[in-house]
Every structure is written in C-alpha cells, then in structure tokens.
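Here the sequence shown stands for residues 526 to 596, numbered as in the numbering used here. Down below is the structure, laid out as structure tokens.
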Amino acid sequence: LEEDRQQLQKALNQLEEKTRQAIEYVFLHDLSRKEVAEKIGVSPMTVTRRIHRGIQQMIITMKPQILQSDP
C-alpha cells in the first residue's frame with residue numbers, strides 16, 4: 526500500500542505543473558472542476574482535458590510497475 530502511494534506520487538510529480546495542479550485539486554482536495562477552473566484561471570473544459578491527459582500520462586508511467594506486480 527505504501528509502495529503504491531509512492532508510485533502514484535512519483536507519477537504525479539512527473540506531470541506538467543498545471544496538469545498536476547488540476548488533478549490534485551479535484552482528487553485530493555475535492556474541488557469541483559468549476560472551482561478548479563476559477564482558482565487557476567482556465568475554463569472547466571480545460572480542467573477536464575488536463576485531468577484526462579494527466580491520468581493517461583500516469584497510466585503510461587506506472588504501467589511497467591503495474592504489470593510487474595500482477596500475480
């Protein structure tokens with residue numbers, strides 16, 4: 526569990542700053558996409574796109590670890 530958390534944090538840290546912020550605000554701070562958009566000065570659609578792109582990048586980053594830990 527701790528190892529998974531560390532892998533997630535590492536993947537998150539590899540994202541572009543604006544993408545990381547959007548993901549952290551929505552998933553870690555429970556803000557709505559609209560609230561995040563207002564906070565960082567972009568449209569809610571831009572927040573949605575950044576989150577989608579960031580999650581895709583995190584999956585690619587973590588895929589080797591996920592495949593390695595499959596039983």
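Each residue gets a CB set at the ideal place from its N, CA and C atoms; glycine is no exception.
Could you give the DSSP three-state label for residue 566: helix, strand or coil?
As a working note, residue 566 is residue 41 in the sequence shown. Residue state, collapsed to three classes: coil.
Could you have a look at residue 577 and say whether DSSP puts it in helix, strand or coil?
To locate residue 577, count along the sequence shown from 1; it is residue 52. Looking at residue 577 - three-state DSSP - the assignment turns out to be helix.
Own chain partners of residue 540 with C-beta closer than 8 angstroms, once the 5 adjacent residues on each side are dropped:
Walking along the sequence shown from the start, residue 540 turns up at place 15. Cβ neighbours of residue 540 beyond the five flanking positions: 548, 579, 582 and 583.
Along the chain, where does the alpha helix (DSSP H) containing residue 528 start, and where does it finish?
Within the sequence shown, numbered from 1, the residue matching residue 528 stands at position 3. From DSSP, the alpha helix (DSSP H) with residue 528 extends over 527 to 538.
Kindly indicate which residue of 533, 538 and 546 has the alpha-carbon position closest to the one of residue 563.
Mapped onto the sequence shown, residue 563 falls at position 38. Ranking 533, 538 and 546 by CA distance to the CA of residue 563 puts 546 first.
Compute the Euclidean distance between the alpha carbons of residue 587 and residue 532, then round it to the nearest angstrom.
Taking the first residue of the sequence shown as position 1, residue 587 is located at position 62. Taking the first residue of the sequence shown as position 1, residue 532 is located at position 7. For residue 587 and residue 532, the distance between alpha carbons rounds to 7 angstroms.
For residue 575, does the count of other Cβ atoms within 10 angstroms reach 16, so buried, or fall short, so exposed?
Mapped onto the sequence shown, residue 575 falls at position 50. If you draw a 10 Å sphere on the C-beta of residue 575, you find 16 or more other C-beta atoms in it, and that means buried.
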